[in-house]
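Student: Mind having a look at this structure? Questions to follow.
Protein chains in written order, with my numbering: chain A, 25 to 693; chain B, 3 to 538.
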């Protein structure tokens with residue numbers, strides 16, 4: 025089969041799976057829906073592998089295959105084809121997306137087993153993967169926007185999956201609306217591209233751009249800044265990041281999907297994909313890098329104090345995406361994408377482990393309540409520790425290699441870019457600390473009630489309440505239902521977590537400086553035109569110095585967490601009281617929600633209230649009333665008030681206009 | 003062909019008076035489906051190349067006044083004709099299922115309204131257009147006044163007064179146009195093809211433009227002349243509301259493209275910024291209102307104002323992309339509004355209210371309804387991947403090339419739309435189910451009307467190029483009038499200054515007939531000396 029056929033099949037399977045489950049929702053048994061969904065994604069993964077093998081068969085400079093299905097809406101000078109581009113970058117993304125998603129589907133088959141909305145869940149989940157694949161395989165910017173928006177829709181549907189929860193539906197809306205802001209950025213970027221170049225196909229844009237734009241010309245900077253708006257909205261970077269923490273309202277596998285394989289990595293992909301434009305607009309690239317750095321540090325500090333298990337992991341995602349954004353913005357393209365891949369492994373793993381623990385806690389997510397699960401759930405705790413090690417960048421794990429590759433590149437590029445290296449290492453210390461904050465509090469210590477119950481062989485049950493509001497849940501629409509599922513008792517969950525744990529531990533070995541460079545050489549044909557990649561080479565010595573520093577940072581963070589939570593428990597409480605203000609600032613997430621509310625949401629609503637309450641009544645209705653009154657006044661004069669103002673007014677108008685018309689007719693003849 | 007499409011609805015309505023009341027609804031449905039079938043045939047055989055008029059019908063009608071019965075379709079109108087027939091079929095079918103009081107009168111009024119509306123889209127004679135435009139009001143007056151709900155008398159009068167003032171202004175404008183250009187054309191004629199070749203003097207164009215714009219903006223409606231729309235929407239019986247919100251508002255937008263821009267090109271350029279600002283104000287104001295209102299009909303009414311604002315922007319960007327996007331967006335918006343109104347009817351039936359504060363949780367027992375509604379909601383907020391997105395993309399591109407700032411501000415309307423559309427969905431389908439609400443699935447009778455409409459949205463989302471490719475030549479042809487002196491002074495095929503044309507628009511080549519300047523006779527009747535650009 026030709027490579028483009030593989031590409032189209034990658035898209036076709038998840039879409040078909042989604043439609044099939046949706047259309048057969050009455051007929052399919054719950055389990056069947058789950059397996060169809062999983063199979064669809066597994067087949068998509070197989071097709072991605074097919075595309076990969078096809079690409080590897082070709083010489084390195086012929087690995088870009090574009091294919092068009094039909095002209096979707098091209099007219100009036102706007103090109104709009106339904107076309108895909110299969111090249112090493114899109115195949116790499118497709119592999120990560122389908123591979124990790126297939127495992128998340130597998131996990132969900134068991135985890136969501138008792139949910140009443142099981143079929144709906146898998147239909148949306150498949151659609152989510154389809155959207156993400158459309159995003160990465162799209163061959164032009166306009167189709168990219170379509171995939172981009174479909175991802176937004178799928179996230180809306182899944183975040184508000186338990187739709188009787190008000191907090192969940194509000195979170196879904198928030199995610200969607202913020203993502204629409206990003207979409208608008210992309211739309212204008214595409215419009216500018218069409219206006220300046222007349223094309224949107226990647227190949228054509230990148231070919232024409234260097235001739236059409238001089239370096240740092242305002243148009244190309246504007247295009248890149250608009251692309252960044254889209255990227256930060258989707259990838260949850262400051263200041264458009266506030267939706268991500270709320271998105272934890274969705275079921276845990278959805279969190280895993282959003283954070284690991286799909287959605288938030290889209291911004292990273294977009295910048296990497298558009299690198300020829302960013303090369304022409306270094307200012308915009310620097311802006312993106314600083315946004316990434318800021319988010320990296322901000323989210324890491326918030327993760328230090330948040331107590332909701334899933335939200336800690338959510339903030340760590342923001343922080344890690346910050347690393348990737350920094351990477352692809354400063355020119356470390358393959359390093360940034362490498363981190364995207366390893367992060368997908370360990371983040372999915374962390375969420376799966378967290379989901380298993382939350383199930384054991386009967387849907388309680390507060391880590392203050394959790395303790396000592398190591399004997400009750402050895403497998404889950406093992407997975408959690410592996411995920412935390414990789415996240416912390418413990419020497420030898422996948423996160424260690426990928427993170428250090430970005431930071432070593434920043435240091436080698438030198439100059440201003442040292443800031444990113446230094447900031448990245450500080451972030452690494454924080455990351456190691458909060459990852460092991462989870463581990464030491466959840467895994468170790470005196471077992472909590474639920475853990476003890478589980479050790480006795482009984483899974484805790486409680487009436488499900490919304491952790492955010494304390495409202496009793498309506499289990500009619502599904503999970504959190506009466507049954508919980510933990511990895512210890514469900515083999516699909518175990519298999520999924522084991523595979524990811526393997527990736528999280530050993531995934532870094534494909535890129536050991538001076539030894540292996542599998543990913544780099546595969547992606548090289550995509551990025552070979554980049555002037556930055558051509559001039560900045562990280563020497564093996566520098567790479568190892570960087571790795572030494574990174575390893576130290578990681579050990580420092582883990583050590584600090586060990587001291588505070590294991591050696592001297594209770595000292596964190598003292599710290600919190602000592603730095604109450606700082607703690608509140610971090611705990612309230614730097615008040616970004618309040619800021620956005622005050623700057624955007626409330627003014628808009630106030631305008632709406634004013635329009636609805638005052639303007640409409642006074643001005644719009646006033647026109648009618650004024651007209652009526654005016655005629656009324658006239659009416660009294662001619663003593664025909666009893667005939668009704670409005671009717672008289674109409675009559676007057678008719679008569680007047682008829683006269684005018686007659687005048688013209690007469691004047692003409 | 004066109005005469006049949008034009009006449010069948012009213013003929014069916016008339017014959018309905020002879021039939022027993024019981025079956026008149028089904029008879030009307032049959033008639034509406036027949037006219038839909040004809041419209042489908044029309045679209046299927048339509049050739050859009052060159053953007054010229056097709057299937058032209060041209061009969062002498064009132065020779066003393068130079069009024070002719072001229073019908074024709076081009077890329078601007080062909081899909082609107084199909085849309086009209088489609089929505090009428092839906093509305094008639096829905097009505098037939100509801101069995102209204104006094105069915106003979108009711109279905110006759112519906113038929114009359116359809117004929118009038120189709121007349122507007124097909125007319126190529128200015129006076130015929132104006133008459134059809136005014137004729138639309140008559141059945142509407144009775145339908146809202148007699149079959150409406152709530153404070154229907156007040157609503158009817160408000161609607162009639164508002165739109166009648168506009169209509170009469172337009173009548174004056176139309177007569178004035180014909181009379182004032184009589185010297186140039188060689189006699190009084192209302193033929194649009196002729197009038198557009200002999201533009202009036204600037205000053206005259208300006209005030210006539212204002213008359214036409216007033217009529218169209220009221221009908222659309224645009225801020226601040228939308229005062230009638232909320233009351234009318236609240237009182238209108240639902241099947242009629244589909245037509246009022248879906249089709250009748252499009253007549254106004256269509257009028258700008260068909261009449262105002264080609265016949266009053268200088269005024270269109272002169273007032274471009276004003277109209278853009280009105281469109282922008284409609285977007286912002288409509289969105290702000292749609293945010294805060296709690297009645298479903300109010301929300302849809304104001305969202306329509308916002309969407310019509312986008313269409314106004316597209317048209318008055320005076321660019322090929324903007325105009326083409328507007329043509330697409332007219333169809334899109336109608337296809338979205340119609341199912342929404344049906345869904346509102348279903349929800350009102352189940353919860354006993356149209357206030358979103360007292361609704362919620364419908365999705366649980368009605369997954370099919372929820373799925374259909376989410377498709378419609380996504381189309382309403384113009385998610386990329388829907389045809390509505392393509393329309394907005396084209397419009398924004400058109401505006402962006404003319405006025406960057408307006409495009410940027412208008413784009414906030416997209417984010418607002420996401421908010422109010424999702425708010426509407428969330429508050430009705432999600433969240434806890436209120437006490438006393440009866441959550442149940444779509445019935446077959448309801449599905450028969452709703453599902454095909456949603457299927458149309460999906461089909462168009464898969465291939466919006468169907469409309470954009472067929473619309474663009476006709477849009478370009480309308481805009482070609484804007485080129486400075488497109489046909490040469492006094493008929494001489496003079497040098498055309500291309501630089502004055504809107505971006506991407508090329509001036510239309512002066513037709514051969516102009517060379518000899520045959521006067522009036524050469525221009526009427528599409529006879530032997532037929533004007534180029536009119537393919538019989």
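Where a beta carbon is used, it is the ideal one built from N, C-alpha and C, also for glycine. All figures in this text were calculated on a predicted structure; none of them were measured in a lab.
Tell me whether residue 78 of chain B sits in a helix, a strand or coil according to DSSP, three-state version.
Tutor: The residue you call residue 78 of chain B lines up with position 76 of the second chain. Residue state, collapsed to three classes: coil.
Student: Just to confirm, are residue 425 of chain A and residue 533 of chain A a CB contact at a threshold of 9 Å?
Tutor: As a first step, residue 425 of chain A must be located in the first chain, where it is residue number 401. As a first step, residue 533 of chain A must be located in the first chain, where it is residue number 509. Yes, the Cβ-Cβ distance between residue 425 of chain A and residue 533 of chain A is below 9 Å.
Student: If you measure between the beta carbons of residue 269 of chain B and residue 208 of chain B, is that distance less than 9 Å?
Tutor: Along the second chain, one-based indexing puts residue 269 of chain B at 267. Along the second chain, one-based indexing puts residue 208 of chain B at 206. Yes. Within cutoff.
Student: Less than 9 Å between CB atoms is the rule here; does residue 393 of chain A satisfy it with respect to chain B?
Tutor: The residue labelled residue 393 of chain A in the question sits at position 369 within the first chain. Chain B contact via Cβ: absent.
Student: With a cut-off of 9 Å, does the C-beta of residue 465 of chain B fall near any C-beta of chain A?
Tutor: Position 463 of the second chain holds residue 465 of chain B. Interface residue, yes.
Student: Step through the CB atoms of chain B and report whether any lies within less than 9 Å of the CB of residue 399 of chain A.
Tutor: The count along the first chain starts at 1 and reaches residue 399 of chain A at position 375. Not an interface residue.
Student: Kindly indicate the opening and closing residues of the alpha helix (DSSP H) around residue 325 of chain A.
Tutor: In the first chain, residue 325 of chain A corresponds to position 301, counting from 1. That run of the alpha helix (DSSP H) goes 306-329.
Student: Quick one: using the 10 Å Cβ neighbour count with 16 as the cut-off for buried, is residue 478 of chain A buried or exposed?
Tutor: Reading the first chain from its first residue, position 454 is the one you call residue 478 of chain A. Under this definition residue 478 of chain A is a buried residue.
Student: Report all residues from its chain with a CB closer than 7 Å to the CB of residue 184 of chain B; omit the five preceding and five following residues, and keep chain order.
Tutor: Counted from its first residue, the second chain places residue 184 of chain B at position 182. Only 190 meet the Cβ criterion.
Student: Ignoring anything shorter than 4 residues, give me the alpha helix (DSSP H) runs that lie fully in the region 129-182 of chain A, in order along the chain.
Tutor: Counting only runs of 4 or more, we get 142-161.
Student: For the region 18-86 of chain B, list the alpha helix (DSSP H) runs that are entirely contained and at least 4 residues long, ordered along the chain.
Tutor: Taking only runs of at least 4 residues, the alpha helix (DSSP H) segments lying wholly in the region 18-86 of chain B are 23-46.
Student: Please list, in chain order, the chain B residues whose beta carbon lies closer than 9 Å to that of residue 297 of chain A.
Tutor: Taking the first chain and counting its residues from 1, one reaches residue 297 of chain A at position 273. Per Cβ cutoff of 9 Å: no residues; residue 297 of chain A is ~17 Å from chain B at best.
Student: Just to confirm the assignment, what range does the beta strand (DSSP E) spanning residue 108 of chain A have?
Tutor: Stepping through the first chain from its first residue, residue 108 of chain A is reached at position 84. Looking at the DSSP string, the run of the beta strand (DSSP E) that includes residue 108 of chain A is 105-110.
Student: Mind checking if residue 295 of chain B is an interface residue toward chain D, Cβ cutoff 9 Å exclusive?
Tutor: Given the protein chain composition of this structure (A and B), no chain D is represented.
Student: Output the distance between the C-alpha atoms of residue 362 of chain A and residue 408 of chain A, rounded to the nearest integer angstrom.
Tutor: The sequence position of residue 362 of chain A within the first chain is 338, counting from 1. The sequence position of residue 408 of chain A within the first chain is 384, counting from 1. Cα-Cα distance, rounded: 22 Å.
Student: With distances taken from CA atoms, which of B/478, B/412, B/129 is nearest residue 197 of chain B?
Tutor: Sequence index remark: in the second chain, residue 197 of chain B carries index 195 (1-based). Comparing Cα-Cα distances from residue 197 of chain B to each of B/478, B/412, B/129, the minimum goes to B/129.
Student: When the Cα atoms are used, what is the spatial distance from residue 520 of chain A to residue 376 of chain A?
Tutor: Within the first chain, numbered from 1, the residue matching residue 520 of chain A stands at position 496. Within the first chain, numbered from 1, the residue matching residue 376 of chain A stands at position 352. Between residue 520 of chain A and residue 376 of chain A, the C-alpha separation is close to 9 Å.
Student: Could you check which residue in B/458, B/323, B/383 has the C-alpha nearest to that of residue 219 of chain A?
Tutor: Mapped onto the first chain, residue 219 of chain A falls at position 195. It is B/323.
Student: Between residue 547 of chain A and residue 83 of chain A, how many whole angstroms is the CB-CB distance? I'm expecting something under 8 Å.
Tutor: Residue 547 of chain A sits at position 523 when you count from the first residue of the first chain. Residue 83 of chain A sits at position 59 when you count from the first residue of the first chain. Wrong, their Cβ atoms sit about 16 Å apart, outside the cutoff.
Student: Can you round the beta-carbon distance between residue 442 of chain B and residue 361 of chain B to whole angstroms, since I take them to be within the 8 Å contact cut?
Tutor: Residue mapping note: residue 442 of chain B aligns to position 440 of the second chain, counting from 1. Residue mapping note: residue 361 of chain B aligns to position 359 of the second chain, counting from 1. The pair is not a contact, with the Cβ atoms about 14 Å apart (cut-off 8 Å).
Student: From what residue to what residue does the beta strand (DSSP E) around residue 94 of chain A run?
Tutor: Taking the first residue of the first chain as position 1, residue 94 of chain A is located at position 70. Unbroken beta strand (DSSP E) run through residue 94 of chain A: 89-95.
Student: Would residue 548 of chain A pass as an interface residue toward chain B - the criterion being a Cβ-Cβ separation below 9 Å?
Tutor: Along the first chain, one-based indexing puts residue 548 of chain A at 524. Not closer than 9 Å to any Cβ of chain B, the Cβ of residue 548 of chain A fails to qualify, so no.
Student: What are the boundary residues of the alpha helix (DSSP H) that includes residue 412 of chain B?
Tutor: As a first step, residue 412 of chain B must be located in the second chain, where it is residue number 410. Where residue 412 of chain B is concerned, the enclosing alpha helix (DSSP H) stretches over 406-431.
Student: Return helix, strand or coil for residue 251 of chain B, following the three-state DSSP convention.
Tutor: Residue 251 of chain B sits at position 249 when you count from the first residue of the second chain. Note: residue 251 of chain B maps to helix in three-state DSSP.
Student: How would you list, in chain order, the residues of chain A whose beta-carbon sits under 8 Å from the beta-carbon of residue 326 of chain B?
Tutor: What you label residue 326 of chain B is simply residue 324 of the second chain in a count that begins at 1. In chain order: 99, 100.
Student: Report the neighbours of residue 631 of chain A on chain B: residues whose CB is nearer than 7 Å to its CB, in chain order.
Tutor: Position 607 of the first chain, counted from the start, is the residue given in the question as residue 631 of chain A. Residues of chain B passing the Cβ test: 290.
Student: Name the DSSP beta bridge partners of residue 99 of chain A, please?
Tutor: The count along the first chain starts at 1 and reaches residue 99 of chain A at position 75. Per DSSP, A/102.
Student: Name, in chain order, the residues that DSSP records as bridge partners for residue 181 of chain B.
Tutor: By one-based count along the second chain, residue 181 of chain B stands at place 179. Paired residues: none, contrary to the question.
Student: Is the region 164-177 of chain A close to the region 364-371 of chain B, with three or more CB pairs under 8 Å?
Tutor: No, they do not touch.
Student: Give the straight-line distance between the Cα atoms of residue 573 of chain A and residue 583 of chain A, rounded to the nearest whole angstrom.
Tutor: Taking the first residue of the first chain as position 1, residue 573 of chain A is located at position 549. Taking the first residue of the first chain as position 1, residue 583 of chain A is located at position 559. Cα to Cα, the separation comes out at about 15 Å.
Student: Decide if residue 273 of chain A is buried, meaning its Cβ has at least 16 other Cβ atoms within 10 Å, or exposed.
Tutor: Along the first chain, read from residue 1 onward, the residue named residue 273 of chain A stands at position 249. Looking at its Cβ environment, which holds 16 or more other Cβ atoms inside 10 Å, residue 273 of chain A is buried.
Student: Could you pull the start and end residues of the alpha helix (DSSP H) that residue 86 of chain A belongs to?
Tutor: For the purposes of this step, residue 86 of chain A is identified with residue 62 of the first chain, where counting begins at 1. Careful: residue 86 of chain A lies outside any alpha helix (DSSP H) and carries neither H nor E.
Student: Could you tell me the alpha carbon to alpha carbon distance between residue 9 of chain B and residue 37 of chain B, rounded to whole angstroms?
Tutor: Locating residue 9 of chain B in the second chain gives position 7, where the first residue counts as 1. Locating residue 37 of chain B in the second chain gives position 35, where the first residue counts as 1. Those two C-alpha atoms are separated by around 9 Å.
Student: Against chain A, does residue 287 of chain B count as a neighbour if the rule is that its beta carbon must be under 9 Å from one of theirs?
Tutor: On the second chain, position 285 is the one that residue 287 of chain B refers to. Chain A contact via Cβ: present.
Student: Chain A beta carbons: is any one of them nearer than 9 Å to that of residue 144 of chain B?
Tutor: To locate residue 144 of chain B, count along the second chain from 1; it is residue 142. Judged by the 9 Å Cβ criterion, residue 144 of chain B is not in contact with chain A.
Student: Pick helix, strand or coil for residue 357 of chain B, following the three-state DSSP scheme.
Tutor: Working through the second chain from its first residue, we reach residue 357 of chain B at position 355. Three-state DSSP puts residue 357 of chain B in a strand.
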